[in-house]
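Okay, so here's the structure we're looking at.
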Amino acid sequence: MKIINISIVLSIILQMFLPLNSFAQNEKMNSSSRMFEKKIEPSMFPSGTDNLKNKTKMQLLFFPDYNGMIEFLVEPSFCGAYGLRITISNNQYILEAKQIYNWKEVRDSLRAVYPLKIINGYDPQNKLMSREAIAEIAEYNTKQLGEIKKVAPLKYKLEEDSISISSNMANLLYRLYVDLIENYSNKGVPVKILDGEYVTFRCVVDDEVWNFSISNPSGNFRRLADICEEMAKEVFKDKEKIIETEYIKQLEELLKIRNNEFDYRQFR
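The numbering used here numbers the first residue of the sequence shown as 309 and each following residue consecutively.
In structure tokens form, the structure reads like this:
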């Protein structure tokens with residue numbers, strides 16, 4: 309008997325229980341708009357320690373000790389999280405790449421402890437399932453997924469490598485982080501996406517720490533995320549160095565796009 313993917317089940321549930329007034333907003337829906345969260349806080353506490361208060365459990369797993377010049381974290385739906393951080397040590401720029409290597413093992417073990425209920429797509433009885441029964445399954449699965457999300461970071465194990473990079477590439481990345489986070493503008497009602505990846509960009513700006521998280525980034529954030537993802541993967545592949553020329557070219561092109569967009573806004 310064929311089983312419907314859990315994402316489809318959740319989609320059906322959402323459609324059945326969506327408030328009626330939400331349909332009035334459909335005209336404002338924007339396929340490029342995403343759910344996001346932007347937080348700006350002091351970078352340090354009065355005690356002189358780095359402010360890590362708004363980091364999630366996953367961010368603390370990857371970057372538990374202090375705020376880097378920039379931090380990048382990707383949490384995909386169907387594989388292990390990975391990311392990178394750039395720090396400065398003895399006037400050298402260090403790129404740290406990290407990834408979870410036991411994601412499947414943890415997922416399988418937690419599925420056994422916190423099983424989810426699913427709907428059999430071709431079972432005639434399920435076609436007559438009441439809203440109450442579907443709501444009960446949704447509530448049960450939400451609770452189980454919450455427990456999995458809470459426990460999983462405690463079981464994950466990280467692989468990490470670090471390399472030295474040029475100040476040019478580090479500063480290009482930093483400029484784009486600051487520009488994109490500062491000037492991000494959400495247009496229209498975000499579309500609902502049940503899976504994909506959740507991406508966090510974090511950087512220190514003067515005496516502030518900026519934290520920007522977004523589901524399935526698009527546009528310039530998508531371009532920046534792709535560059536950072538490739539950097540992290542190349543560090544694990546080579547483990548000694550990365551070929552910076554191509555990344556610098558891509559970063560400069562993205563910066564040029566941003567400058568052109570700024571000029572366009574100025575003279576509209």
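We put the CB at the ideal spot given by N, CA and C, even for glycine. Only a predicted model underlies this, so the values are computations on that prediction, with no experimental measurement involved.
Any idea if residue i is buried or exposed, counting beta-carbon neighbours within 10 angstroms, 16 or more meaning buried?
i    : result
S523 : buried
V421 : exposed
R439 : exposed
L488 : buried
P525 : buried
F520 : buried
R510 : buried
Check each candidate in the options and name the one with the smallest Cα separation from residue i.
i    : options                : result
D469 : L360, S475, D546, L559 : D546
A405 : L563, F353, E548       : E548
N494 : N528, V543, D515       : N528
N398 : L559, I473, Q452       : I473
G378 : T395, Y409, R531, T450 : Strictly speaking, residue 378 in this sequence is Ile, with Gly absent from that position. Among T395, Y409, R531, T450, the Cα nearest to that of I378 is on T395.
V459 : G504, V497, W411, K425 : W411
P423 : N449, A441, I551, V414 : N449
E467 : E345, K557, N476, A540 : A540
K346 : W518, S385, G376       : W518
Among all the DSSP beta bridges, which residues are the ones paired with residue i?
i    : result
D358 : M352
R393 : E379, E404
K347 : N519
Are residue i and residue j close, meaning C-beta to C-beta below 7 Å?
i    : j    : result
Y390 : A478 : no
E516 : I348 : yes
P461 : M366 : yes
V577 : V513 : What is shown of the chain runs 309 to 576, which leaves residue 577 out entirely.
F380 : L392 : yes
L480 : L559 : yes
N359 : M352 : yes
I577 : K425 : What is shown of the chain runs 309 to 576, which leaves residue 577 out entirely.
Rounded C-beta distance between residue i and residue j? I'm assuming under 8 Å.
i    : j    : result
I535 : Y555 : 6 Å
Any heavy atom of the ligand SAM closer than 6 Å to the beta-carbon of residue i?
i    : result
K541 : With respect to the ligand SAM, the structure offers nothing, as it holds no ligand at all.
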